[in-house]
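Single-structure report; data block below.
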Amino acid sequence: NIRLSADTVLNLNLSIDGFPLHKSGRTTFWPILMSVYGIRRVKPMTVAIFCGNKKPTSVEQYLRPLVDELNYLYEQGITLGVESTSVKIKIRAVTGTSDERFRTQAYGKHHKEYTPLLDLMHFNIIEDVIVSDRLHLIDFGIVRKLLQGWVFGMWGAEKWSDSMIDAISKQLQDIPLPSEIHRKFRSLRDVKFWKASEYSAFLHYASIVVLKNRISKPAYDHFMLLFCAVTLLSSNVYRNQWHVADSLLKKIVEQYNVIYGEGYVSSNVHNLLHVYEEVVKFGPLETLAAYPFENALQQIKCLMRNGWKNLEQAINRLSEVENFYFPSNEKKFVTYIDGKAFDATLHMEDFILRRTNRDA
16 NIRLSADTVL NLNLSIDGFP LHKSGRTTFW PILMSVYGIR RVKPMTVAIF CGNKKPTSVE
76 QYLRPLVDEL NYLYEQGITL GVESTSVKIK IRAVTGTSDE RFRTQAYGKH HKEYTPLLDL
136 MHFNIIEDVI VSDRLHLIDF GIVRKLLQGW VFGMWGAEKW SDSMIDAISK QLQDIPLPSE
196 IHRKFRSLRD VKFWKASEYS AFLHYASIVV LKNRISKPAY DHFMLLFCAV TLLSSNVYRN
256 QWHVADSLLK KIVEQYNVIY GEGYVSSNVH NLLHVYEEVV KFGPLETLAA YPFENALQQI
316 KCLMRNGWKN LEQAINRLSE VENFYFPSNE KKFVTYIDGK AFDATLHMED FILRRTNRDA
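This is the structure in structure tokens:
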């Protein structure tokens, strides 16, 4: 029930990732997923699925149908709805290197074969591909590496003592997280099993307090640069301060080898230098995160009822879901207040405000 005008341009995000279907087998799925940027009610959709005992061996066979169809849609547009509204599409995606060097295959052995993605019309395989994926670059990248470094004494970081780990774990588990955080912090003893969302919550809601006086002052100040930069780049509210975040990220990269050692400066650290330009071009960090795609991958995995004919099962279940009509009586949202006095809650279209300690 989404109405679009004829001058609408649909910006498509593409995600290609794989996952094992079973713990006791080698069968893997490699879905190609797509989402429409800017339309929140449209969840990621499955474009194609490769099933096999390893990664697709032919990138040509895997990606060529996708590229051909996208090029066709770019030229012809797409007709939607009962009113036959014709709209245009534009592609945007995830991960990269230097466009000219990539197209000339300057990295030698790293190029196994020519990728059909290079044939996408009006698509720059570097500038239109995102390396600033919030999930993998920051939450499950930089933050994970530093926190595990302090817990286990890895990557040039000072190792915390057992008593300090227990004290910090208790402090983390006592933190009253806001309503949008559905999972309480687990012990640092289990930090290797933390999910990306837990590292994100640590960065935003715990790090300022629990890291104070637990790591060296230079390391603490360095981590706070990351906290401030990510906070500023996560919302359009701070758009006027995005250039400040850019200078903070540059400081992080400059100081990283001084604090942790030259050998611990990874590609993730270097990629922080590209975050600002991508946020300016594509939108806030929250819109560059792979979290919706990760959730979609898990949903595909949950469609499996047994280990027999996995691909057929997935296609049948996805077809059933996509062909099922969900009637919507959705009306324009109206702001309202629920409850009285101290228990009053203000309901907005994108958030709620409560007078509670948890959501203070």
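Those letters in the sequence shown? Residues 16 to 375, by our numbering. The beta carbon of each residue, even a glycine, is placed where N, CA and C say it ideally should be.
Sequence-distant residues of its chain with Cβ nearer than 7 Å to residue i (five each side left out)
{"i": "PRO299", "result": "LEU248, SER249, SER250 and ASN251"}
{"i": "MET169", "result": "GLN163"}
{"i": "LEU226", "result": "TYR235 and PHE238"}
{"i": "MET363", "result": "THR350"}
C-beta contact flag for residue i and residue j at 7 Å
{"i": "PHE65", "j": "TYR77", "result": "yes"}
{"i": "TYR89", "j": "MET136", "result": "yes"}
{"i": "LEU240", "j": "LYS266", "result": "yes"}
{"i": "VAL206", "j": "VAL166", "result": "yes"}
{"i": "VAL158", "j": "TYR214", "result": "yes"}
{"i": "VAL146", "j": "ASN286", "result": "yes"}
{"i": "VAL280", "j": "LEU264", "result": "no"}
{"i": "ILE47", "j": "LEU25", "result": "no"}
Alpha-carbon spacing of residue i relative to residue j, whole angstroms
{"i": "PRO59", "j": "ASP148", "result": "16 Å"}
{"i": "LEU8", "j": "LEU318", "result": "Since the first residue of the chain shown is 16 and the last is 375, residue 8 is not available in this structure."}
{"i": "ILE140", "j": "SER334", "result": "31 Å"}
{"i": "PHE155", "j": "ILE93", "result": "37 Å"}
{"i": "VAL268", "j": "HIS237", "result": "10 Å"}
{"i": "ILE352", "j": "SER194", "result": "18 Å"}
{"i": "LEU85", "j": "LYS105", "result": "9 Å"}
{"i": "THR350", "j": "TYR306", "result": "28 Å"}
{"i": "LEU95", "j": "GLU337", "result": "15 Å"}
{"i": "VAL295", "j": "ASP177", "result": "43 Å"}
{"i": "ARG332", "j": "ILE196", "result": "30 Å"}
{"i": "ARG198", "j": "HIS151", "result": "19 Å"}
{"i": "TRP209", "j": "HIS219", "result": "15 Å"}
{"i": "SER20", "j": "SER50", "result": "19 Å"}
{"i": "PHE366", "j": "ASP83", "result": "40 Å"}
{"i": "VAL284", "j": "GLN270", "result": "11 Å"}
{"i": "ILE230", "j": "PHE44", "result": "42 Å"}
{"i": "PHE297", "j": "VAL245", "result": "15 Å"}
{"i": "ILE223", "j": "LEU303", "result": "24 Å"}
{"i": "THR42", "j": "LYS160", "result": "29 Å"}
{"i": "ALA216", "j": "TYR253", "result": "20 Å"}
{"i": "ASN68", "j": "ILE54", "result": "35 Å"}
{"i": "LYS232", "j": "THR371", "result": "33 Å"}
{"i": "ARG320", "j": "GLN328", "result": "8 Å"}
{"i": "LYS70", "j": "PHE242", "result": "36 Å"}
{"i": "GLU128", "j": "GLY171", "result": "37 Å"}
Own chain residues within Cβ distance below 8 Å of residue i, not counting five before or after
{"i": "ARG204", "result": "ILE180 and SER184"}
{"i": "ARG373", "result": "PRO191, LEU192, PRO193 and SER194"}
Beta-carbon contacts of residue i that lie in its chain and below 6 Å, excluding the five residues immediately before and after
{"i": "PHE200", "result": "LEU187 and GLN188"}
{"i": "LYS174", "result": "GLY168"}
{"i": "ALA182", "result": "none"}
{"i": "ARG369", "result": "THR360"}
{"i": "ARG79", "result": "PRO131"}
{"i": "VAL57", "result": "VAL51"}
{"i": "THR23", "result": "VAL102"}
Supposed contact pair residue j and residue i - C-beta distance, whole angstroms, cut 8 Å
{"i": "ILE190", "j": "ALA221", "result": "6 Å"}
{"i": "LYS316", "j": "PHE34", "result": "6 Å"}
heavy atom of the ligand ZN below 6 Å from residue i C-beta
{"i": "GLU327", "result": "Looking for the ligand ZN in the displayed structure turns up nothing, as the structure carries no ligands at all."}
Are the region 252-266 and the region 274-281 in contact at 8 Å, needing three or more beta carbon pairs? Between the region 252-266 and the region 274-281, the count of C-beta pairs closer than 8 Å stays below three; the two stretches do not touch.
contact_flag[the region 67-82, the region 131-138] where n(CB pairs < 8 Å) is 3 or more: With the cut-off at 8 Å, the region 67-82 and the region 131-138 touch.
With a cut-off of 8 Å, do at least 3 Cβ pairs link the region 306-316 to the region 27-44? In this structure the region 306-316 lies against the region 27-44, because at least three pairs of beta carbons, one per stretch, are closer than 8 Å.
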